[in-house]
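Student: Numbering (my numbering), first residue to last: 606 to 1026. Submitted below is the structure of interest, expressed as structure tokens.
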DNA sequence: TCTGGGGTCCTAGGACCC
DNA sequence: TCTGGGGTCCTAGGACCC
């Protein structure tokens, strides 16, 4: 196997910069939903000590002092830029495995006649020119080594954005210099356990006894060890594996204390989850709802989940709303300040393959026609044009995005304007 | 005022069945 | 006055990822 990992640098920030060149060279951050935490940082923002995942309100002073530009998440923009990036990368390989919004594995099998470093530099230059996003390229004989090579490409200036760990000599040279915590799949807990055994660098991990790795960090640890030694255990998935579950959950912008607001939120979550189901031509056999109070602020604590099998598999918005509200009523307790809730669908199966009850077939056909009409109108006129009654218009609990950039590429009303002269 | 959202995989334990 | 072995399903929690 020969595989490359191409990864967008500071992806959300880079997307913002494409449409506002004044953001180049200055500290920029992007925040998550409700402008709660930092989810993407420019190098300048990293340099002044803004940590990943930190609550934005704690950093207000620091950010003001350094004139940091802060954006709310613009998911429509990032998803569209991601799609363009994947299209571009697809011209460099017959097989691409899209791993996340900003990362793809490219199959480099059979390209050994090429100078892979040069090929990586060409990929980097092309994505920059066509899409405007800076990327780094890591190449290796397994996914784990390609990930590690990508880390080197990003952090070690001598690689200049492209690193090939395909050769044993390059691995011997680089691996002793990298902390084991940088390996894909080794988190803080595993890092601490390995440190107790004197395993600190990637090289230390690579030469560890596989059985010991297994007892300390389970089968995933043993798999990582093999991958570091060039034995591929993770295949390239050119067809994305079927989803196991769909979740629609949000933190509320203010605490919810009355059931009518919880009901609205549940209806909205169920609606969104049903849309995701239908996008992927799936139906669900199991639904769960949960609600919880704030874990951090000392409010009286309550958290509960209720999950159950549905009488028949469905992707019908109205049926899922009905079930979600039914369950929400049962776990709702008066007197608490709820901060977060959600709807989760499990046991997904392709629409048409689900077991059906005797009287279900006729109902299912009718529901499918209604749902495709709903999706067609919302697709054409904008999501939320048609929505079920009871979902709420005011949405007091809803998500806040105070500093969002325009949907530059996906909304006609927000296209960038160019002026001459 | 205020701490993301959406996933996967692994392990362990309880309930229940034959 | 005992505590097997094999199986399934479910729940809960931990860990990790982007």
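All C-beta atoms in this analysis are idealised placements derived from N, C-alpha and C, irrespective of residue type, glycine included.
(1) Within 10 angstroms of the Cβ of residue 778, are there 16 or more other Cβ atoms? Answer buried if so, exposed if not.
(2) Hey, how far is the Cα of residue 766 from the Cα of residue 722?
(3) Report the three-state DSSP secondary structure of residue 885 (helix, strand or coil).
(4) So what's residue 711 in DSSP terms, helix, strand or just coil?
(5) Assign residue 648 to buried or exposed, taking buried as 16 or more other Cβ atoms, counted over all protein chains shown, within 10 Å of its Cβ.
(6) Using the Cβ count rule (16 or more neighbours within 10 Å means buried), how would you classify residue 587?
(7) Restricting to Cα atoms, I'd like to know which of 936, 798, 916 is closest to residue 822.
(8) Would you check if the distance between the CB atom of residue 876 and the CB atom of residue 942 is smaller than 7 Å?
(9) Under 8 Å by Cβ, that's how I've got residue 749 and residue 833 pegged, so tell me the actual separation to the nearest angstrom.
(10) From this set, 717, 713, 813, 975, which residue's C-alpha is nearest residue 785's C-alpha?
(11) Decide yes or no for the touch test of the stretch 911-920 against the stretch 868-875: beta carbon pairs closer than 8 Å, at least 3 of them.
(12) What residue does the beta strand (DSSP E) around residue 909 start on, and which one ends it?
(13) With DSSP run on the structure shown, which of helix, strand or coil describes residue 838?
(14) Pick helix, strand or coil for residue 590, following the three-state DSSP scheme.
(15) Over what stretch of residues does the beta strand (DSSP E) that includes residue 860 continue unbroken?
(16) Compute the Euclidean distance between the alpha carbons of residue 744 and residue 776, then round it to the nearest angstrom.
(17) How about residue 894 and residue 924: do their beta carbons lie closer than 7 Å?
(18) Taking the runs of the beta strand (DSSP E) that are 3 residues or longer, which of them lie wholly in the stretch 660-723?
(19) My guess is that residue 640 and residue 843 are in contact by the Cβ rule of under 8 Å, so how many angstroms apart are they, rounded?
(20) Quick one: what does DSSP say residue 871 is sitting in, helix, strand or coil?
(21) Of the choices 898, 636, 735, whose alpha-carbon is the least far from that of residue 657?
(22) Would you mind working out which of 866, 674, 849 sits nearest residue 951, comparing C-alpha positions?
(23) Considering residue 744, what are the terminal residues of the alpha helix (DSSP H) in which it resides?
(24) Could you say which of 857, 947, 747, 982 lies nearest to residue 838 if we only look at CA atoms?
(25) With distances taken between CB atoms, is the gap from residue 935 to residue 896 smaller than 7 Å?
(26) From residue 853 to residue 982, what does the alpha carbon distance come to, in whole angstroms?
(27) Under the three-state reduction of DSSP, which class applies to residue 941: helix, strand or coil?
Tutor: Reading off the structure:
(1) exposed
(2) 10 Å
(3) The DSSP-derived three-state label of residue 885 is coil.
(4) strand
(5) exposed
(6) Residue 587 is absent from the structure shown; the chain starts at 606 and stops at 1026.
(7) 798
(8) no
(9) 6 Å
(10) 813
(11) Pairwise C-beta distances place the stretch 911-920 out of contact with the stretch 868-875, as fewer than three of them are shorter than 8 Å.
(12) 908-919
(13) coil
(14) With the chain represented from 606 up to 1026, any question about residue 590 goes unanswered, as that position is not in the structure.
(15) 850-861
(16) Going by the C-alpha atoms only, they are around 11 Å apart.
(17) no
(18) 674-677, 701-705, 708-712
(19) That belief does not hold up - the Cβ atoms of residue 640 and residue 843 are roughly 37 Å apart, past 8 Å.
(20) In the structure shown, residue 871 adopts helical secondary structure according to DSSP, grouped into three states.
(21) Nearest of 898, 636, 735 to residue 657, Cα basis: 636.
(22) 849
(23) For residue 744, there is no enclosing alpha helix (DSSP H); the residue is found in the beta strand (DSSP E) stretching over 740-745.
(24) 747
(25) Going by C-beta atoms, residue 935 is not nearer than 7 Å to residue 896.
(26) 22 Å
(27) coil
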